[in-house]
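For the record, in the sequence shown the residue sitting at position 103 is 102 according to numbering that gives the first Met the number 0, with numbers rising by one throughout.
Notes to accompany the following structure.
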Amino acid sequence: MLRVLGAAPCQGAVVEADAYIPLKVSFDVTQGGQPLYLRLRGELGGEAELKIDPVSGALVQVTVIDPPPEVDHAPAATSTSESENCVPVLDRYLWPWKRTPDYEEPVRRVIHQAAHLGMSGNQQPSYVEFSTGRAVGSYRCGPVVFGVSAQEELVNMVILSGER
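Structure, rendered in structure tokens:
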């Protein structure tokens, strides 16, 4: 489960794709150091990488490395509440930390986790699923909307403007 703790300000998002990387979304957020990496391996295939700020937990980048299985349903509406110009802050305690009286640092910067992964085909809007949960709230940065469940789980990422 990708637990969302809150939101961090975001000035914009850049959506990219090419022959080798099906989708890469970078967010203009304040970064406090070398990022943490969460490598998600899809239960039915596919792989994605999330880059997270090590200080705030803000989502810095989402990259689909290997396309997960195609899903042919549109993501559930996230109209109950939407926060603008922000990205989700993820729980940094997925990473083991070394703590001393003077500082703290991650023991490992890269961790691996199995997850439900799905991705739209050529339909619009483009989206990536991270969970089978239902989104009831959302965070938006530029053309990208993140759905969050009632249990504060990151559910999906929707790209609204067809930039894929």
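A virtual CB, placed ideally from N, CA and C, is assigned to each residue, including glycine.
Being a predicted model, the structure only gives us computed values, none of them experimental.
- Less than 8 Å divides the Cβ of L4 from the Cβ of L89.
- Look at Y19 here: in three-state DSSP terms it is coil, with no helix or strand label.
- Of G11, A113, R133, G44, the smallest CA-CA separation from V24 is found for G11.
- Taking 8 Å as the cut-off, the Cβ atoms of V14 and I110 do not count as close.
- Counting only runs of at least 3 residues, the region 45-122 fully encloses the following beta strand (DSSP E) elements, listed from N- to C-terminal order: 46-51, 58-65, 85-89, 96-98, 103-105, 109-114.
- Between the C-alpha atoms of T29 and S130 there is a straight-line separation of about 27 Å.
- Nearest to A114 by C-alpha distance, out of Q150, R133, G44, is G44.
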